[in-house]
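*Asks:*
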Amino acid sequence: MPQLLEVGTDYIIRPFYSYHVSTRRYFDPDEPLEPYAAYYEMIRAFSEEMTNEFSQEDITDPDKQSIIKRVLRKSLIQPRGKTFFEGRHLNKYIIGEPAISIEDLEKWKIRDQEYFS
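Using my numbering, you'd call the opening residue of the sequence shown number 21 and step up by one each time.
1. What are the boundary residues of the alpha helix (DSSP H) that TYR135 is part of?
2. Which of the three DSSP states is assigned to LYS102 in this structure?
3. To the nearest angstrom, how far is the alpha carbon of ASP132 from that of LYS94?
4. Tell me the DSSP secondary structure of ILE97 in three-state form.
5. With 16 as the cutoff for other CB atoms within 10 Å, does LEU53 come out buried or exposed?
6. I need the boundaries of the beta strand (DSSP E) containing TYR113, first residue and last residue.
7. Apart from the five residues on each side of it in sequence, which residues of its chain come closer than 6 Å, Cβ to Cβ, to VAL116?
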């Protein structure tokens, strides 16, 4: 395993990008790969959590928790080239680059301005 720069309870920072099979490959029209069993478990667990936690209002709500839920939903549920399964050491799905939109950043900024005003 490469030397890690920082390790947290829910993140790691590596000095370089590790290449693994992304979730986009599961839905590749030319050469789809069979997803790991962990993929279906993650989707099921995440979907259940979001069903309980995520409401229609969260889609447009500038609340920080709603923004985080939206980013996680886009990063984990939608097939992406920057989300992959690391099965050798961590046995977890890794979001290499969260799917954060400009709208999410603007809403986050608004919340910060309101909080610090």
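Yeah, the Cβ is synthetic: ideal placement off N, Cα and C, and Gly gets one too.
*Replies:* The relevant details are as follows:
1. 122 to 136
2. Annotated three-state conformation of LYS102 is coil, per DSSP.
3. 23 Å
4. coil
5. exposed
6. 112 to 115
7. Note that residue 116 is Gly in the sequence shown, not Val. The answer, listed in chain order, is LYS102.
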